[in-house]
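Data first, discussion second: the structure below is written as structure tokens.
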Amino acid sequence: MSPIIEFKNLDVYQKNILVLSGIDLSIDKGEFVYFTGKTGTGKSSLVKVMYADLPAQGDKAQVAGIDLLKLKNKNIPTLRRKLGIVFQDFQLLYDRSVHDNLVFVMKATGWKDKNKMQERINEVLAMTGLGTKGFKMPHQLSGGEQQRVCIARALINEPEIILADEPTGNLDPETSVEIMEVLHNVVNKEGRTVVMITHDYMMLEKYPSRTIRFQNGGVEDSEQKETENIAENQIIEDEIDVVEENMETEIDTQVFEENIAEQDNFEDDEIIENESIESSSEETTYITEEDELPGLYDDEAFEEDLPEEGIVQESAEIFEEEIDDIVEDNHEDEDEEEENSDNPLDFIQEQDIFDFGDDEK
Numbered sequence: 225m226s227p228i229i230e231f232k233n234l235d236v237y238q239k240n241i242l243v244l245s246g247i248d249l250s251i252d253k254g255e256f257v258y259f260t261g262k263t264g265t266g267k268s269s270l271v272k273v274m275y276a277d278l279p280a281q282g283d284k285a286q287v288a289g290i291d292l293l294k295l296k297n298k299n300i301p302t303l304r305r306k307l308g309i310v311f312q313d314f315q316l317l318y319d320r321s322v323h324d325n326l327v328f329v330m331k332a333t334g335w336k337d338k339n340k341m342q343e344r345i346n347e348v349l350a351m352t353g354l355g356t357k358g359f360k361m362p363h364q365l366s367g368g369e370q371q372r373v374c375i376a377r378a379l380i381n382e383p384e385i386i387l388a389d390e391p392t393g394n395l396d397p398e399t400s401v402e403i404m405e406v407l408h409n410v411v412n413k414e415g416r417t418v419v420m421i422t423h424d425y426m427m428l429e430k431y432p433s434r435t436i437r438f439q440n441g442g443v444e445d446s447e448q449k450e451t452e453n454i455a456e457n458q459i460i461e462d463e464i465d466v467v468e469e470n471m472e473t474e475i476d477t478q479v480f481e482e483n484i485a486e487q488d489n490f491e492d493d494e495i496i497e498n499e500s501i502e503s504s505s506e507e508t509t510y511i512t513e514e515d516e517l518p519g520l521y522d523d524e525a526f527e528e529d530l531p532e533e534g535i536v537q538e539s540a541e542i543f544e545e546e547i548d549d550i551v552e553d554n555h556e557d558e559d560e561e562e563e564n565s566d567n568p569l570d571f572i573q574e575q576d577i578f579d580f581g582d583d584e585k
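Counting from 1, position 101 in the sequence shown corresponds to residue 325 in the numbering used here; the numbering is continuous, with no gaps.
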């Protein structure tokens, strides 16, 4: 069986920038293939090459039996009729119903017979679980239902290949499972090929299949049996990348315990640092305020620091003698002042009674 998608030594450019180089890839009919990898590694660019939105350059580039290296612009619609594209952001026409969204695509791709058009619309709506939603407007549908409309639109022309660009990216886990069931039914029941870009590694684990991993400007092909390991490794790598981006300084993984107790010394206002803390490998000993300053909490310790009774009495006697001396000195000073104040001449001189100035002389 010849591959439905085949690239040999393919180079992909995005605005004159080389995105992918030397790609060799072959996908058979009826395969479900995941494209995974970090943002900017070229997944969407390769899908755009498949529907001729970007030019193909290489030794071979063939999709659905059409040679992309020789494809002319006027023949691009022929290629795209063989493809069904599911976009992450839906890209529905919000001014018309689900039914009319499908009619618009059918008319644009050359459908003429109204009976056949209606028959096909009923088929794809039933296939995607929207059998009773044809009359609804897009804004009346949930996100999951809108994505189902996108899948129905992609299936309308019975394409050989479905290209799904993160179809579960904006959906909750439960709805994502429903969309994955629809896509896998397209492969299992319709026999079509599905290429799905995804960052949803939980869905990849739940629905394992062949995985093409994009990295370093190339691709790495993994078989189905390795898919679960790839998903797990990718999640780990993504977490490591986030840590490396956010880490600005080297992290020291060793932890040291230091126990230092500090209290104010009320006598000289200096900080007391205890350097004699005993520690063991089994239990760390912490010094409390009571241990550091027992005089504040222990009456007995406070009494031990008081001076002896004899010393106190002697100090009191010395203090009384000093007080008596000070009182005696004060009395002597007062007597001298009184003696000096009895001399009338001193008083007259101090008051300048005989000083009449120059005019009186």
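Think of the CB as a built atom: it goes at the ideal place given N, C-alpha and C, for glycine as much as any other residue.
Because the structure is a prediction, the values reported are computed rather than measured.
#1: Counting only the same chain and skipping the five closest in sequence on each side, list residues whose C-beta sits under 6 Å from that of Asp445.
#2: For Thr422 and Thr265, which I take to be in contact (beta-carbon distance under 8 Å), what is that distance rounded to the nearest angstrom?
#3: Of the residues Ser268, Phe328, Pro383, which one's Cα is nearest the Cα of Ile228?
#4: Where does Ala332 land, buried or exposed, given buried means 16+ other C-beta within 10 angstroms?
#5: In whole angstroms, give me the CA-to-CA distance for Gly353 and Thr263.
#6: Among Glu390, Met341, Val257, Asp235, whose alpha-carbon lies nearest the alpha-carbon of Ala280?
#7: When we look at the beta-carbon of Pro391 and count the other beta-carbons within 10 Å, is it buried (16 or more) or exposed?
#8: Pick out whichever of Arg372, Val348, His408, Asp248 has its Cα sitting closest to the Cα of Glu315.
#9: Which of helix, strand or coil does DSSP assign to Arg434?
#10: Helix, strand or coil for Ile380 per DSSP?
#11: Between Thr417 and Leu387, what straight-line distance do the alpha-carbon atoms span, to the nearest angstrom?
#12: Just to confirm, are Thr641 and Gly367 a CB contact at a threshold of 9 Å?
#13: Assign Asp283 to buried or exposed, taking buried as 16 or more other Cβ atoms, counted over all protein chains shown, within 10 Å of its Cβ.
#14: Which value, in whole angstroms, describes the spacing of the CA atoms of Ser226 and Asp324?
#15: What residues match up with Lys232 in a beta bridge as DSSP calls it?
#16: Below 7 Å CB to CB, which residues in the same chain sit around Leu295 once its five sequence neighbours on both sides are set aside?
#17: Please work out which residues of its chain come closer than 7 Å, Cβ to Cβ, to Tyr431, disregarding the five sequence neighbours upstream and downstream, and give them in chain order.
#18: How far does the alpha helix (DSSP H) with Phe328 in it reach, from first residue to last?
#19: Between Leu270, Glu230, Lys253, Asp337, which lies nearest to Ser245 when the distance is taken from Cα to Cα?
#20: Given this structure, state the Cα-to-Cα distance separating Val310 from Asp389, to the nearest angstrom.
#21: With the cut-off set at 9 Å, would you say Ile247 and Val443 are in Cβ contact?
#22: With DSSP run on the structure shown, which of helix, strand or coil describes Ser268?
#23: Under the three-state reduction of DSSP, which class applies to Leu244: helix, strand or coil?
#24: Can you tell which of Tyr425, Ala378, Leu379, Lys413 has the C-alpha that lies nearest to the C-alpha of Pro397?
#25: Quick one: what does DSSP say Met361 is sitting in, helix, strand or coil?
#26: Note down, in chain order, each residue of its chain lying with its Cβ closer than 7 Å to the Cβ of Ser268, except the 5 sequence neighbours on either side.
#27: In whole angstroms, what is the alpha-carbon distance linking Lys239 and Leu278?
#28: Buried or exposed for Tyr318, please, with buried defined as at least 16 other CB atoms from any protein chain shown within 10 angstroms of its CB.
#29: For Gly289, is the classification buried or exposed, using 16 other Cβ atoms within 10 angstroms of its Cβ as the cut-off for buried?
#30: Here's the rule: buried if 16 or more other CB atoms are within 10 angstroms of the residue's CB, otherwise exposed. What is Asn412?
#31: Going straight from the alpha carbon of Asn346 to that of Met427, what length do you get?
#32: Just how far apart, CA to CA, sit Val243 and Thr356?
#33: Starting from Leu307, trace the beta strand (DSSP E) both ways and give me its first and last residue.
In this structure, then:
#1: Contacts found: Ile436.
#2: Not really, about 13 Å apart at Cβ, beyond 8 Å.
#3: Nearest Cα to Ile228 within the set Ser268, Phe328, Pro383: Pro383.
#4: Exposed: under 16 other Cβ atoms inside 10 Å.
#5: Per the coordinates, the alpha-carbon of Gly353 lies some 32 Å from the alpha-carbon of Thr263.
#6: For Ala280, the nearest C-alpha among the options comes from Asp235.
#7: Taking every protein chain shown into account, the CB of Pro391 has 16 or more other CB atoms within 10 angstroms, so this residue is buried.
#8: Strictly speaking, residue 315 in this sequence is Gln, with Glu absent from that position. Considering only alpha carbons, the answer is Arg372.
#9: DSSP places Arg434 in strand when its eight states are reduced to three.
#10: DSSP places Ile380 in the coil class of the three-state scheme, outside both helix and strand.
#11: Approximately 9 Å between the Cα atoms of the pair.
#12: Any property of residue 641 remains undetermined from this structure, which presents the chain solely from 225 to 585.
#13: Result: exposed.
#14: So the two alpha carbons sit approximately 37 Å from each other.
#15: According to DSSP, Lys232 bridges with Lys284.
#16: Excluding residues within five positions, the ones whose Cβ falls inside 7 Å are Ala276, Leu303.
#17: So the list reads Met404, His408, once near-sequence residues are dropped.
#18: Looking at the DSSP string, the run of the alpha helix (DSSP H) that includes Phe328 is 322-332.
#19: The shortest C-alpha separation from Ser245 is found at Leu270.
#20: Rounded to whole angstroms, Val310 to Asp389 spans 6 Å at the Cα level.
#21: In contact: Ile247 and Val443 (Cβ atoms closer than 9 Å).
#22: Judged by DSSP in its simplified three-state form, Ser268 adopts helix.
#23: Here Leu244 sits in strand by DSSP.
#24: Answer by Cα proximity: Tyr425.
#25: Coil.
#26: Closer than 7 Å at the Cβ level, and outside the excluded window around Ser268, lie Asp389, Ile421.
#27: Rounded to whole angstroms, Lys239 to Leu278 spans 10 Å at the Cα level.
#28: Exposed, because fewer than 16 other Cβ atoms sit within 10 Å of the Cβ of Tyr318.
#29: Counting Cβ neighbours within 10 Å, Gly289 comes out exposed, since fewer than 16 surround it.
#30: Exposed, since its Cβ has fewer than 16 Cβ neighbours within 10 Å.
#31: When rounded, the distance between both Cα atoms is 29 Å.
#32: Near 44 Å, if we compare the C-alpha coordinates of Thr356 and Val243.
#33: For Leu307, the enclosing beta strand (DSSP E) stretches over residues 307-310.
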